[in-house]
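Here is the structure we will look at.
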Amino acid sequence: MRHIVPSLALIITAVPVFAAESPPDLDPADEVIVITASRSPQPVSSTVTPITVVAEDSERLAFPIQPVEALGRRVNGAYSRRSGGPGALQSLRLRGAASDGTQVLYDGVPLNDPSSSQSSPNLAGLNSAAIASAEVARGPQSGLYGSRAIGGVVNLMPITSTEDHAARAVLQGGSYATVDGVAQATGPIGERFGYAIGLSGTASEGWSSRTDDPNGDPGEYEKDGFQRLGGYARFDLAATDAVELYASINATQAENEYDLLAAFPGGPLPDSEATEDSSAIRYQAGGVYADEQLRAEAVVAYTDLEREYPEETVYDRNFNSQELYASANVSWIVEDVWTVAGGIDHIREQADTVSGADGSTTFDEDSNRTGLWVRGAYDEDGWLGSATARYENHDREGDAMTWRLEGARRIGHAVKLFTSVGTAFRAPSLYELYSSYGDPDLEAEESWGFELGHLSHVDDHWTVENTFFSTRYSQRIAFGALYTYENSDRSERVDGLETEIAFMSDPGEVATRMAVRYTYQQPGDDVVQGFSDLANYLPTHQLNADWVVALPRGVTCGLYGTGVAGRQYFGTSVGNYALLDAMVSWQATNTINLFVRGENLMDVDYVETLGYATPGVSGFAGVAAEF
Numbered sequence: 002m003r004h005i006v007p008s009l010a011l012i013i014t015a016v017p018v019f020a021a022e023s024p025p026d027l028d029p030a031d032e033v034i035v036i037t038a039s040r041s042p043q044p045v046s047s048t049v050t051p052i053t054v055v056a057e058d059s060e061r062l063a064f065p066i067q068p069v070e071a072l073g074r075r076v077n078g079a080y081s082r083r084s085g086g087p088g089a090l091q092s093l094r095l096r097g098a099a100s101d102g103t104q105v106l107y108d109g110v111p112l113n114d115p116s117s118s119q120s121s122p123n124l125a126g127l128n129s130a131a132i133a134s135a136e137v138a139r140g141p142q143s144g145l146y147g148s149r150a151i152g153g154v155v156n157l158m159p160i161t162s163t164e165d166h167a168a169r170a171v172l173q174g175g176s177y178a179t180v181d182g183v184a185q186a187t188g189p190i191g192e193r194f195g196y197a198i199g200l201s202g203t204a205s206e207g208w209s210s211r212t213d214d215p216n217g218d219p220g221e222y223e224k225d226g227f228q229r230l231g232g233y234a235r236f237d238l239a240a241t242d243a244v245e246l247y248a249s250i251n252a253t254q255a256e257n258e259y260d261l262l263a264a265f266p267g268g269p270l271p272d273s274e275a276t277e278d279s280s281a282i283r284y285q286a287g288g289v290y291a292d293e294q295l296r297a298e299a300v301v302a303y304t305d306l307e308r309e310y311p312e313e314t315v316y317d318r319n320f321n322s323q324e325l326y327a328s329a330n331v332s333w334i335v336e337d338v339w340t341v342a343g344g345i346d347h348i349r350e351q352a353d354t355v356s357g358a359d360g361s362t363t364f365d366e367d368s369n370r371t372g373l374w375v376r377g378a379y380d381e382d383g384w385l386g387s388a389t390a391r392y393e394n395h396d397r398e399g400d401a402m403t404w405r406l407e408g409a410r411r412i413g414h415a416v417k418l419f420t421s422v423g424t425a426f427r428a429p430s431l432y433e434l435y436s437s438y439g440d441p442d443l444e445a446e447e448s449w450g451f452e453l454g455h456l457s458h459v460d461d462h463w464t465v466e467n468t469f470f471s472t473r474y475s476q477r478i479a480f481g482a483l484y485t486y487e488n489s490d491r492s493e494r495v496d497g498l499e500t501e502i503a504f505m506s507d508p509g510e511v512a513t514r515m516a517v518r519y520t521y522q523q524p525g526d527d528v529v530q531g532f533s534d535l536a537n538y539l540p541t542h543q544l545n546a547d548w549v550v551a552l553p554r555g556v557t558c559g560l561y562g563t564g565v566a567g568r569q570y571f572g573t574s575v576g577n578y579a580l581l582d583a584m585v586s587w588q589a590t591n592t593i594n595l596f597v598r599g600e601n602l603m604d605v606d607y608v609e610t611l612g613y614a615t616p617g618v619s620g621f622a623g624v625a626a627e628f
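Under the numbering used here, think of the first position of the sequence shown as 2, with each following residue one higher.
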């Protein structure tokens with residue numbers, strides 16, 4: 002058994018609400034409204050794209066939302082993985098695509114790090130105080146969102162102003178000497194102004210970022226701590242009854258300890274304390290005009306990121322990047338059954354790195370991409386359909402054309418059959434193009450995806466969803482045998498099946514909610530045998546199950562299980578694992594909620610990434626208040 006340290010949960014797994022269509026006994030006006038599937042608000046019953054919402058519910062008081070952990074365990078086709086301790090690199094994959102093939106957005110704007118090797122952000126550094134919910138749209142989405150949207154899109158939705166003043170705070174403590182807190186406040190300022198502000202902080206001794214144990218036990222290595230502070234502010238203006246404007250700022254600063262790499266391949270693994278100091282700030286502003294038929298929106302955002310490695314002497318030690326994004330789009334409802342939409346977006350990325358060996362600049366480059374897209378959608382008498390096309394120009398490696406066709410048939414309020422086919426792409430990153438390992442002649446990798454499925458409300462309590470999907474790749478950007486990035490000439494693919502069975506009882510003195518989600522993903526043989534990272538750590542089988550019971554006197558209990566099997570790393574088998582978490586919360590007063598939870602209750606030694614440690618059995622406790 003691992004040593005148990007009195008502590009607090011650094012990573013809190015949110016309990017999601019899955020936004021399937023409204024059951025038959027609900028008024029359609031009460032349906033969940035989503036944005037990500039079409040870039041405009043619409044009822045979830047009008048979408049063809051499989052979409053999942055992780056949103057507020059009664060249990061959110063006990064669990065401040067942590068999108069990556071929640072999505073990785075609670076969303077079909079999603080898999081989250083971390084390389085080390087609390088602040089170590091954390092990524093998310095959808096439908097078997099690599100993490101660089103999953104586009105993460107914040108409030109509809111790409112969340113990238115142009116200085117990283119594939120422009121992928123470290124999702125462990127997200128500011129939870131700025132996030133209210135998350136929407137996940139699965140399948141190729143480059144037609145709407147451009148580069149990286151191969152496996153799908155994750156859109157982190159921000160907190161916004163409210164008509165009445167409201168405040169919420171959570172403070173928790175537990176294992177690995179962790180303290181974690183978040184506070185949010187929203188409300189009006191006069192008749193037309195509103196505000197939303199948030200603050201979050203985390204401090205933890207963590208566990209070792211490295212391990213010699215193939216099962217992930219940190220052993221006797223020293224702990225690698227993590228500290229993070231985040232702040233958020235947004236101001237909304239209702240300029241007229243049809244026009245809304247907003248401006249926001251989102252900033253984080255973090256320090257993450259890690260173990261230095263060996264000075265040469267195969268050398269001894271040191272266990273010294275090194276740190277990564279990082280900061281990120283995003284300024285964003287936009288406006289929306291909306292009436293009964295027409296909606297027009299414009300957004301501009303500027304992001305500045307810095308990462309420094311003061312103790313690193315072998316590899317690059319300073320990474321700096323900036324990203325400027327602007328977009329405008331319009332959506333028009335024609336004769337109630339047709340919707341026509343289109344838009345333009347532009348993204349400029351700049352990155353430079355400074356070598357740790359001599360202080361010289363490794364590369365200092367920028368790139369620009371401009372995309373034009375158009376979409377038509379049809380919704381009448383239970384028939385749904387849409388067609389999307391996009392042209393994107395990249396000033397470094399040329400143009401890209403992508404498209405998506407989708408259709409669905411609603412049978413009453415109980416069944417929806419759906420299918421889609423589409424293409425997607427990922428532009429090479431600045432690092433892949435211009436670093437010492439890069440190739441300036443790289444072209445974008447391309448993919449083709451197909452899905453077929455159904456969503457069925459068996460009765461007022463049971464929901465069943467099954468989706469078969471297949472993704473084919475060409476020109477995959479991979480690290481080649483000559484230690485440079487190259488476009489692979491192999492045809493690669495991932496086939497899979499997503500299944501979910503959910504149950505929700507009638508409201509009452511005792512209420513129950515259960516869900517079982519199973520994802521099967523199988524790369525083609527050429528992917529497993531070839532020198533490609535597409536199959537690395539991809540679970541062939543992933544099973545997640547939740548059982549939550551609301552009892553009298555404000556008590557809620559929950560059990561959460563996760564099982565992962567069939568992973569490989571360049572053809573070498575990686576161990577399977579099964580985890581069990583539990584939660585008990587008590588609504589002590591109308592505004593105060595107390596909770597305790599345990600993670601990895603079976604104290605399983607497991608691996609998410611080879612060579613990196615994982616936590617053992619852990620305990621957490623906290624208090625949440627909402628006013």
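Backbone N, C-alpha and C fix where the C-beta goes; we use that ideal spot for every residue, glycine too.
Short of 6 Å in beta carbon distance, which residues of its chain neighbour residue i, apart from the five on each side in sequence? Order them along the chain.
i      : result
Ser143 : Ala150, Thr403, Ala425 and Phe426
Gly249 : In the sequence as presented, Gly is not what sits at residue 249; that position holds Ser. Answer for Ser249: Arg235 and Gln285, listed in chain order.
Arg169 : Gln185 and Glu627
Ser471 : Phe451 and Asp496
Arg568 : Tyr538, Pro540 and Val575
Leu246 : Leu238, Ala240 and Gly288
Ala614 : Trp208, Ser209, Thr212, Gly217 and Pro219
Asp547 : Ala516 and Tyr561
Leu27  : Per-residue confidence for Leu27 stands at a pLDDT of 33, beneath the threshold of 50, marking its modelled position as unreliable; no derived number is given.
Would you kindly report the start and end of the unbroken alpha helix (DSSP H) that includes residue i?
i      : result
Leu145 : Ser143 to Tyr146
Leu539 : Leu539 -> no alpha helix (DSSP H), and no H or E assigned at all.
Tyr435 : Leu431 to Tyr435
If distances are taken between C-alpha atoms only, which option among the options comes closest to residue i?
i      : options                           : result
Glu444 : Gly454, Tyr432, Ala428 and Glu452 : Ala428
Gln104 : Pro141, Gln351, Trp548 and Thr161 : Pro141
Asp400 : Arg370, Gly450, Glu307 and Thr420 : Arg370
Gly481 : Asp440, Glu493 and Val585         : Asp440
Gly231 : Asn591, Ala327 and Thr203         : Thr203
Arg518 : Leu72, Val49, Asp108 and Val45    : Leu72
Tyr259 : Thr241, Gly562, Gly88 and Gln351  : Gly88
Ser489 : Asp165, Asn251 and Ala479         : Ala479
Leu581 : His462, Ala625 and Glu600         : Glu600
Glu366 : Leu544, Arg376 and Glu324         : Glu324
Arg193 : Tyr177, Glu274 and Ser162         : Ser162
Tyr432 : Ile190, Asn128, Ser368 and Arg40  : Ser368
Asn1   : Ser506, Asn257 and Ile282         : Past the boundaries of the shown model lies residue 1; the chain is included only from 2 to 628, so the question cannot be answered.
Ile502 : Leu456, Arg74, Glu393 and Ala255  : Leu456
Thr563 : Ala579, Thr573 and Ala291         : Ala579
Ala133 : Met505, Pro215, Thr468 and Val54  : Val54
Tyr570 : Glu609, Ala390 and Leu373         : Glu609
Asn591 : Gly612, Arg554, Gly620 and Gln523 : Arg554
Ala512 : Leu544, Tyr484, Asp534 and Val549 : Val549
Grab the span of the beta strand (DSSP E) containing residue i for me, first residue to last.
i      : result
Glu600 : Ile593 to Glu600
Val511 : Counting along the chain, Val511 falls outside any beta strand (DSSP E), and DSSP gives it neither H nor E.
His455 : Glu446 to His458
Met402 : Gly399 to Ile412
Ala425 : Val416 to Arg427
Val54  : Ile52 to Val55
Val335 : Asn319 to Val335
Arg665 : As shown, the chain starts at 2 and ends at 628. That puts residue 665 outside it, with no answer to give.
Thr354 : Trp339 to Val355
Phe480 : Ile478 to Phe480
In chain order, what residues of the same chain have a beta carbon less than 7 Å from the beta carbon of residue i, not counting five sequence neighbours either side?
i     : result
Thr37 : Ile52, Glu136, Ala138, Val154 and Asn156
Based on the DSSP output, what are the partners of residue i in its beta bridges?
i      : result
Asp237 : Gly195 and Tyr247
Gly140 : The partner list for Gly140 (beta bridge, DSSP) is empty, contrary to what the question assumes.
Thr563 : Asn545 and Leu580
Closer than 8 Å, CB to CB, is residue i near chain C or not?
i      : result
Ala479 : Given the protein chain composition of this structure (a single chain), no chain C is represented.
One question on the structure: do residue i and residue j come within less than 8 Å of each other, judged by their Cβ atoms?
i      : j      : result
Gly199 : Ile160 : yes
Leu552 : Ala583 : no
Ser322 : Ser116 : yes
Val355 : Ala327 : no
Gly152 : Gly97  : yes
Ala409 : Val49  : yes
Thr389 : Trp374 : yes
Which same chain residues end up closer than 8 Å to residue i when comparing Cβ atoms and leaving out the 5 residues on each side of it in sequence?
i      : result
Val624 : Val171, Leu172, Gln173, Ile593, Asn594, Leu595 and Phe596
Val416 : His455, Leu456, Ser457 and His458
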